[in-house]
Amino acid sequence: MKTLLITLLAATLVSGGEPPPAATRLSLKQGRWLINGRPTNPGSAAEGLLMNVRMVNAIFEDQSRPDFDPEANADRFIARIPDYAAQGVNAFTLCLQGGMPGYEGAVNSAFASDGSLREPYLKRAERVIRACDQQGMAVILGLYYQRQSRVLRDEAAVRAGVASAVRWVRERGFANVAIEIANEYPHKGFAHALIRDPKGQASLIRLAKETAPGLLVSASGYGDGKIHPEVAEAADFLLPHWNGTRVEQIPARLAELKKHGKPVVCNEDDKTGREAAAALRATVRHGAGYGLMLKERNQTYPFRFDGAADDPVFYEELRQLTASTE
């Protein structure tokens, strides 16, 4: 029976037909994250927080590298989802333009030049999102990454891409997905001022929400942990990065962000080992979700997805913080 269900699901994905019913529903209520109507990590120090790992290159492709097999890469990640879930991970950040693979020149984009969506990339992304859904995991789905932004020919294409992507999320029935319009939206690497400018970025967030009402939408800031007021006001939740933020600075950064009255989820920090564990503790202690980015392991080619073995010190700390004490 299980084999039959998997076969039917695969046929549905390939055909693009009626999507299967969602098994995992992500939502926000009174500033707390819920999965299927229950607070995340119940009875733990991280109750109601979204604990995540940045796995943007789990759906990576490089059109200039015929030697790389994107489907096998996605398979390796999917096989490890249960291991990450067992450590207390609630969500993965994926991205339709990936992330830095450790070399320049990669051609990795789900978007065509006019902002329309490329079907082969979408099928792979859907396969991974469905696998997360079946395991009770949420997805923060990024749309734009600075190194791939020149794929989009103009600002009209940028807007079209946002509308196309969130419409796809809605049409495919993904209930476990929240949106990250751009990775580090102020980054000077973005070719289009519409993405970099706080008011422009806020307009893209509003466009996404108008196109797919009810979808949770945000955009991530730089590693200094700051978000412009215009973006914070438009977003449903805030996505700071901690890469350039020292552990002792995290409480003050969170105090500033919380003035906007919205849930906070760090979804990128490149610290490792004991330093990452300390950043995790500081973030949770001050009421925000934490997201690890192991750039040398999960994001740099050749990509490795080994569950808790990726960073045993960090994952042990995460497991303890998300374990129920009741």
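To get our numbering, take the position in the sequence shown, counting from 1, and add 9. Glycine is no exception: its CB is placed at the ideal position from the N, C-alpha and C atoms.
Proximity of residue i and residue j at Cβ, strictly below 9 angstroms
i: E27; j: R41; result: no
i: L247; j: G296; result: no
i: A119; j: A134; result: yes
i: A241; j: S212; result: no
i: V137; j: I188; result: no
i: N307; j: R63; result: yes
i: A285; j: D320; result: yes
i: T281; j: F323; result: yes
i: S53; j: G46; result: no
i: G198; j: S158; result: yes
i: N9; j: L330; result: A question about residue 9 goes unanswered here, because the residues of the chain that appear run from 10 up to 335.
i: A166; j: D206; result: no
i: D315; j: D92; result: yes
i: I44; j: A200; result: no
i: V273; j: G300; result: no
i: R294; j: P249; result: no
Cβ distance (whole Å) where residue i is taken to contact residue j below 8 angstroms
i: A174; j: L105; result: 6 angstroms
i: N192; j: Y154; result: 5 angstroms
i: K304; j: D278; result: Not quite, the Cβ-Cβ distance comes to about 10 angstroms (not below 8 angstroms), so this is no contact.
i: G230; j: P195; result: 7 angstroms
i: N61; j: I190; result: Not confirmed; about 17 angstroms, so no contact.
i: R34; j: N185; result: 7 angstroms
i: Q96; j: A318; result: That pair is no contact at about 10 angstroms.
i: L216; j: R168; result: 6 angstroms
i: E239; j: K208; result: 5 angstroms
Those residues which DSSP pairs with residue i across a bridge
i: N61; result: A100 and G300
i: V226; result: I188
i: A147; result: A100
i: I44; result: L35 and R47
i: F120; result: L126
i: L247; result: V273
i: Y153; result: A191
Nearest candidate by alpha-carbon position, reference residue i, set the options
i: G114; options: E80, V160 and P207; result: V160
i: G145; options: K208, L59 and V293; result: L59
i: K235; options: P260, S333 and E265; result: E265
i: A202; options: W177, R162 and K271; result: R162
i: E325; options: R294, R290 and Y112; result: R290
i: A32; options: F183, F101 and A121; result: F183
i: D84; options: V273, K132 and K268; result: K132
i: A332; options: S125, A228 and A94; result: A94
i: E128; options: W177, V293 and E164; result: W177
i: I204; options: L152, K218, E180 and D233; result: L152
i: K218; options: S73, A172, K268 and G270; result: A172
i: Q143; options: P29, P260 and R328; result: P29
i: E80; options: S125, Y130 and K271; result: Y130
i: K268; options: F77, H237 and A121; result: H237
i: M302; options: R181, N117 and G232; result: G232
Near the ligand ADP: residue i beta-carbon under 8 angstroms from a heavy atom
i: R139; result: Among the ligands in the structure shown, none appear at all, so the ligand ADP cannot be discussed.
Would you check if there are 3 or more beta carbon pairs closer than 8 angstroms linking the stretch 249-256 to the stretch 206-226?
no
Report yes or no: do the stretch 59-73 and the stretch 302-317 share at least 3 C-beta pairs separated by less than 8 angstroms?
yes
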